[in-house]
Amino acid sequence: MSYDLITVVGVTATGKTKLAVRLASDFNGEIISADSRQVYKGMDIGTGKDLFEFKKYNVNYHLIDICEPSEEYNLFRFTDDFYISFNEIKRRNKLAFLAGGTGLYISSILQSYNLPKIIEQENELNKLSSISTANLKEILIGLKQNLHNTTDLNDRDRIIKAILVESSVRKNISGSMKLKSLTIGINLDREEIKQRITSRLKKRFTEGMIEEVQSLKKNGISSSKLESFGLEYKIICQHIDGKLNYNDMFQKLNSSIHAFAKRQMTWFRKLEREGVEISWFSPDDYSSIRNFVSEKLNEQ
Numbered sequence: 011m012s013y014d015l016i017t018v019v020g021v022t023a024t025g026k027t028k029l030a031v032r033l034a035s036d037f038n039g040e041i042i043s044a045d046s047r048q049v050y051k052g053m054d055i056g057t058g059k060d061l062f063e064f065k066k067y068n069v070n071y072h073l074i075d076i077c078e079p080s081e082e083y084n085l086f087r088f089t090d091d092f093y094i095s096f097n098e099i100k101r102r103n104k105l106a107f108l109a110g111g112t113g114l115y116i117s118s119i120l121q122s123y124n125l126p127k128i129i130e131q132e133n134e135l136n137k138l139s140s141i142s143t144a145n146l147k148e149i150l151i152g153l154k155q156n157l158h159n160t161t162d163l164n165d166r167d168r169i170i171k172a173i174l175v176e177s178s179v180r181k182n183i184s185g186s187m188k189l190k191s192l193t194i195g196i197n198l199d200r201e202e203i204k205q206r207i208t209s210r211l212k213k214r215f216t217e218g219m220i221e222e223v224q225s226l227k228k229n230g231i232s233s234s235k236l237e238s239f240g241l242e243y244k245i246i247c248q249h250i251d252g253k254l255n256y257n258d259m260f261q262k263l264n265s266s267i268h269a270f271a272k273r274q275m276t277w278f279r280k281l282e283r284e285g286v287e288i289s290w291f292s293p294d295d296y297s298s299i300r301n302f303v304s305e306k307l308n309e310q
């Protein structure tokens, strides 16, 4: 079985980046980030870019720091950018690693979403039906950057219909490649994940996460735009704007990240139910992960 790429998935704070970078270093690879917020410049601490890991292991990365926070980035841009990066890596005779926590982005590659041709394939309609309303809105806005008929965003069935109609007139610019991935999942006990999330959050505050949001505001990024990025940027912005005191901000953000981690795991389990094979490991057992990857690649 020939693998086109290796994908590393797992909920937030489990060490996906570190693991992916170590594997990429050991197997002559480069990282393609699947994170909807790490694409933005100046959003470093809150998105957990951990660029020092790439530097430490001398591993190249893609789709990090590629646009300004004032720009719109969506699933369509991601799929286009992914295939461009993937082909660049392949031309250099290196192995592509996909790593990140944005479930929709991961799914679009592992399940070969063919968004522009979605109307031609009945199974794609089934995929749309299984996607959350929030993510359906993101897809539609990605198709129609200047969306005038906002009523399309008020009803789930109308959103799906609008996506199908708009998709039928677009060129096939993404999703044209079916890739075989060896997918590694990082799994930890729920209590351990909670502890890691809280510990990491405290560390990020000491590293200047509030100052990062303040800097973005000073550079012209509005509160409404910051809040659209969710989690850290939304809740810290509310604190900066005087809507939350520090303690309430911390507790609300901590709880929100815990809830986000649950949603991420739900998404990954959904992938498994839909036929994506994920091999789960503890992040602390690197030797077993490395041996597993080596054996699978040597089978090819």
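According to my numbering, the sequence shown is numbered sequentially starting from 11.
All residues carry an ideal CB built from backbone N, CA and C; glycine is no exception.
All values derive from a computational prediction rather than experimental measurement.
Worksheet item: Among F107, F260 and S238, which has the Cα closest to the Cα of I191?
Response: In the sequence on display, residue 191 carries Ser and not Ile. Looking at the Cα atoms, F107 is the closest of the given residues.
Practice prompt. Evaluate K59 with the Cβ neighbour count: other Cβ atoms within 10 Å of its Cβ, from every protein chain shown; 16 or more gives buried, anything less gives exposed.
Written response: The residue is buried, with at least 16 neighbouring Cβ atoms inside 10 Å.
Practice prompt. Spatial neighbours of E242 within its chain, please: CB distance less than 6 Å, with the 5 preceding and 5 following residues excluded, ordered by chain position.
Written response: Cβ neighbours of E242 within its own chain (closer than 6 Å, five residues either side excluded): G56.
Discussion item. Within a Cβ cutoff of 6 Å, which residues of the same chain sit near F37, ignoring the five residues on either side of it in sequence?
Written reply: Around F37: L105.
Worksheet entry | Endpoints, the beta strand (DSSP E) within which G39 is located | From DSSP, the beta strand (DSSP E) with G39 extends over G39 to S43.
Worksheet item: The beta strand (DSSP E) spanning F62 covers which residue range?
Response: Premise fails: F62 lies in the alpha helix (DSSP H), L61 to Y67, not in any beta strand (DSSP E).
Practice prompt. Report buried or exposed for E217, applying the criterion of at least 16 other Cβ atoms within 10 angstroms of its Cβ.
Written response: Counting C-beta atoms within 10 angstroms of its own C-beta, E217 has fewer than 16 neighbours from the protein chains shown and is therefore classed as exposed.
Practice prompt. Answer with buried or exposed for A172, where buried requires no fewer than 16 other C-beta atoms within 10 angstroms of its C-beta.
Written response: It is buried - the Cβ of A172 has at least 16 other Cβ atoms within 10 Å.
Discussion item. Are the CB atoms of Y115 and S46 within a distance shorter than 8 Å?
Written reply: Between S46 and Y115, the CB-CB gap stays under 8 Å.
Practice prompt. Report the residue from G25, S95 and V223 whose alpha carbon sits nearest the alpha carbon of E63.
Written response: For E63, the nearest C-alpha among the options comes from G25.
Worksheet item: Is Y50 helix, strand or coil when you go by DSSP?
Response: If DSSP states are grouped into helix, strand and coil, Y50 belongs with the strands.
Worksheet entry | Beta-carbon proximity check, F302 vs I288, cutoff 8 Å | Taking 8 Å as the cut-off, the beta carbon of F302 is found no closer than this to the beta carbon of I288.
Item to complete: Assign Y256 to buried or exposed, taking buried as 16 or more other Cβ atoms, counted over all protein chains shown, within 10 Å of its Cβ.
Response: With fewer than 16 other beta carbons inside 10 angstroms of its own, Y256 counts as exposed.
Worksheet item: Considering only the beta carbon of each residue, do I16 and V31 sit closer than 8 Å?
Response: The answer is no: Cβ separation not under 8 Å.
Worksheet item: Run through DSSP, which three-state label would F260 get?
Response: Correct three-state label for F260: helix.
Fill in: Alpha carbon of N145 to alpha carbon of N136, nearest angstrom
Roughly 14 Å separates the two Cα atoms.
Worksheet item: What first and last residue would you give for the alpha helix (DSSP H) that runs through S233?
Response: Where S233 is concerned, the enclosing alpha helix (DSSP H) starts and stops at S233 to S238.
Worksheet entry | Close-in-space but distant-in-sequence residues of the same chain around Y67 (CB under 6 Å, 5 per side omitted) | Closer than 6 Å at the Cβ level, and outside the excluded window around Y67, lie V31 and S35.
Discussion item. Let's see if you can read the secondary structure: which residues bound the alpha helix (DSSP H) around V223?
Written reply: Where V223 is concerned, the enclosing alpha helix (DSSP H) stretches over M219 to K228.
Worksheet item: Smallest Cα separation from I151: which of G52, A23 and E82?
Response: Looking only at G52, A23 and E82, the smallest Cα-Cα distance to I151 is reached by E82.
Worksheet entry | Through-space distance from D251 to S225, alpha-carbon basis | Using only the alpha carbons, I get a separation of about 14 Å.
Worksheet entry | Counterpart residues of T193 in DSSP-defined beta bridges | In the DSSP secondary-structure assignment, T193 is bridged to T17 and I288.
Worksheet item: Any idea what DSSP makes of L153, helix, strand or coil?
Response: Correct three-state label for L153: helix.
Worksheet entry | Anticipated Cβ contact below 8 Å, Q121 with V19, distance rounded | 13 Å between Cβ atoms; not a contact.
Fill in: Per-residue burial, T193 [other beta carbons within 10 Å of its own, 16 or more giving buried]
T193 is buried by the Cβ-count criterion.
Worksheet item: Which one of D91, N97, S209 and E282 has the shortest CA to CA distance from G195?
Response: Nearest option by C-alpha distance: E282.
Practice prompt. Output the distance between the C-alpha atoms of R210 and R200, rounded to the nearest integer angstrom.
Written response: R210 and R200 have their alpha carbons spaced roughly 15 Å apart.
Item to complete: Would you kindly work out how many angstroms separate the C-alpha atoms of Q248 and S298, rounded to a whole number?
Response: Counting only the Cα atoms, S298 lies some 43 Å from Q248.
Worksheet item: Straight-line CA distance for M259 to K306?
Response: In a straight line, the C-alpha of M259 is about 45 Å away from that of K306.
Item to complete: Look at the alpha carbon of S304 and the alpha carbon of Y13, and state the distance between them as a whole number of angstroms.
Response: Roughly 12 Å separates the two Cα atoms.
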